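Quick note: the sequence shown, position 283, residue 285 per the working numbering, numbers continuous. Cβ atoms here follow ideal geometry from the backbone N, Cα and C, with glycine treated the same way. Treat the numbers as computed from the prediction; the structure is a model and nothing was measured.
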Amino acid sequence: MLEHGGRLRRAAREHGIPLADWLDLSTGVNPHAYPAPPVPAAAWQRLPEDDDGLEDAAARYYGSAALLPVAGSQPAIQALPAVLAGARVSLLAPGYAEHAHAWRARAPRLCAAHELEAAVEDSDIVVLVQPNNPTGMQFARERLLAWRARLARRGGWLVVDEAFIDTAPAPSLAPAAGTDGLVVLRSLGKFFGLAGARVGFVLAPAPIRQALAELLGPWTISGPARHVARIALADTAWQAAARTRLVAGGERLGRLLASHGFAPTHGPALFRWLPTADAPALHAALARRGILTRLFDAPAALRFGLPADEAGWQRLERALAELAAARTTA
Ligand SMILES: Cc1ncc(COP(=O)(O)O)c(C=O)c1O
3 MLEHGGRLRR AAREHGIPLA DWLDLSTGVN PHAYPAPPVP AAAWQRLPED DDGLEDAAAR
63 YYGSAALLPV AGSQPAIQAL PAVLAGARVS LLAPGYAEHA HAWRARAPRL CAAHELEAAV
123 EDSDIVVLVQ PNNPTGMQFA RERLLAWRAR LARRGGWLVV DEAFIDTAPA PSLAPAAGTD
183 GLVVLRSLGK FFGLAGARVG FVLAPAPIRQ ALAELLGPWT ISGPARHVAR IALADTAWQA
243 AARTRLVAGG ERLGRLLASH GFAPTHGPAL FRWLPTADAP ALHAALARRG ILTRLFDAPA
303 ALRFGLPADE AGWQRLERAL AELAAARTTA
């Protein structure tokens with residue numbers, strides 16, 4: 003099992019700081035999750051049914067009906083190698099590590115962003131995260147569509163994990179889903195803040211969806227999770243307000259880090275990525291102050307999620323000011 007953000011309990015043990023006293027910035031999950039409505043008793047009692055409106059709500063939200071609901075994008079990430087044929091696999095790196103882990107039996111080539119264009123030429127399958135977690139890297143939509151076309155001509159596949167795209171969804175490839183050679187993954191875990199509900203979608207041509215559905219089996223998403231996801235996907239007023247708030251939060255986080263000399267940073271609204279040689283020391287210094295960030299080692303970098311409230315912002319600001327002062331005197 004790979005390492006992930008959100009390991010707050012372990013940090014609390016290691017630093018002797020009670021769980022409740024932490025500012026957890028280690029994930030890119032919206033700190034203001036969709037307010038899940040009460041779940042009707044029947045959703046607990048009955049087996050989930052496919053025609054409960056979840057797929058229609060998702061089709062409207064994603065702009066395509068070529069979708070399969072899954073229990074978060076994670077099981078889809080794990081199952082894709084079983085349904086996509088092709089020996090030569092290239093992955094954007096650094097990237098969300100579960101992709102490389104899932105494809106490990108095909109010895110994937112790990113490509114920096116500038117190497118991907120060439121990799122499309124001699125790969126059967128290209129996998130990338132857009133915007134990338136953790137680097138925030140984004141490719142132009144037209145460029146990805148051109149890659150898809152080149153791969154599809156040879157029977158290949160472009161897999162685009164759009165887990166973090168919802169705050170600025172214009173470049174999403176989801177509306178193009180159903181065309182040959184394209185698989186798009188979406189998740190309700192980040193923008194909707196419903197990581198615990200375990201709901202995501204695979205947008206892909208019908209044969210791929212059918213093969214995945216066979217593999218993953220019936221009732222992959224629980225009735226209560228389907229209920230909440232359907233309502234969240236249809237709530238355009240909440241989505242618009244959340245987008246505005248998160249975009250403002252992302253800009254504030256970038257400005258705050260830069261104002262203390264922690265720049266440049268990149269990322270979608272939900273997190274900022276700070277590549278810096280002293281990332282391990284900064285991570286430790288923040289943790290001693292009860293602030294949990296996500297540490298990466300290749301390249302050395304920290305990822306900051308958004309504080310949930312004003313007290314969190316102030317606390318982060320104070321810690322960054324102390325760290326910046328220590329940096330200049332060091
Ligand atoms: C880029 C990316 N894709 C997919 C996932 C998996 O999310 P979920 O299984 O909750 O949809 C994550 C989780 O951190 C992620 O960062």
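Item                                                                                                  : Value
DSSP bridge partner residues for residue 297 (one or two, in chain order)                             : 304
Nearest-angstrom Cα separation, counted from residue 254 out to residue 130                           : 27 Å
CA-to-CA distance, residue 291 to residue 127, given in whole angstroms                               : 44 Å
Complete alpha helix (DSSP H) runs within the stretch 79-112 (minimum length 4 residues, chain order) : 99-104
DSSP-derived helix/strand/coil call for residue 181                                                   : strand
Buried versus exposed, by CB contacts within 10 Å (16 or more), residue 66                            : buried
Of the residues 119, 153 and 140, the one placed nearest residue 87, counting alpha carbons only      : 153
Sub-7 Å separation of residue 169 and residue 301 beta-carbons                                        : no
Spatial distance of residue 281 from residue 241 (CA atoms)                                           : 34 Å
Same chain only: Cβ atoms within 6 Å of residue 112, ignoring 5 sequence neighbours per side          : 93 and 95
Cβ pair count under 8 Å reaching 3, the stretch 49-57 against the stretch 152-167                     : no
Among 117, 97, 125 and 116, the one whose alpha carbon lies nearest that of residue 108               : 125
Coil, strand or helix - residue 261 by DSSP                                                           : helix
Beta-carbon proximity of residue 308 to residue 251, cut-off 7 Å                                      : yes
Any non-hydrogen atom of ligand 1 within 6 Å of residue 135 CB                                        : yes
Residue 31 in three-state terms, based on DSSP                                                        : coil
Nearest-residue set for ligand 1, Cβ under 5 Å from any heavy atom                                    : 74, 75, 76, 98, 131, 135, 163, 165, 189, 191 and 202
C-beta contact flag for residue 333 and residue 45 at 7 Å                                             : Residue 333 lies beyond the range of the chain shown here (3 to 332); nothing can be said about it.
Cβ-Cβ separation, residue 191 to residue 72 (assumed contact under 8 Å), whole Å                      : About 12 Å separates the two Cβ atoms, so there is no contact after all.
Inter-residue spacing [alpha-carbon to alpha-carbon] between residue 214 and residue 40               : 31 Å
Alpha-carbon spacing of residue 189 relative to residue 332, whole angstroms                          : 43 Å
First through last residue of the beta strand (DSSP E) which encompasses residue 274                  : 273-277
Sheet register partners of residue 268 (DSSP bridge)                                                  : 275
Nearest residue (CA-CA) to residue 116, options 139, 99 and 260                                       : 139
Proximity below 7 Å, CB of residue 294 to CB of residue 28                                            : yes
Rounded separation between residue 264 and residue 211 - CA only                                      : 43 Å
Closest Cα partner of residue 283 within the set 304, 31 and 11                                       : 304
Integer-rounded CB distance, given that residue 176 should sit under 8 Å from residue 206             : With a Cβ gap of about 11 Å, residue 206 and residue 176 do not count as contacting.
Residue from 321, 274 and 4 with nearest C-alpha to residue 249                                       : 274
Helix, strand or coil at residue 26 [DSSP, three-state]                                               : strand
Which of helix, strand or coil DSSP assigns to residue 75                                             : helix
Among 318, 311 and 262, the one whose alpha carbon lies nearest that of residue 330                   : 262
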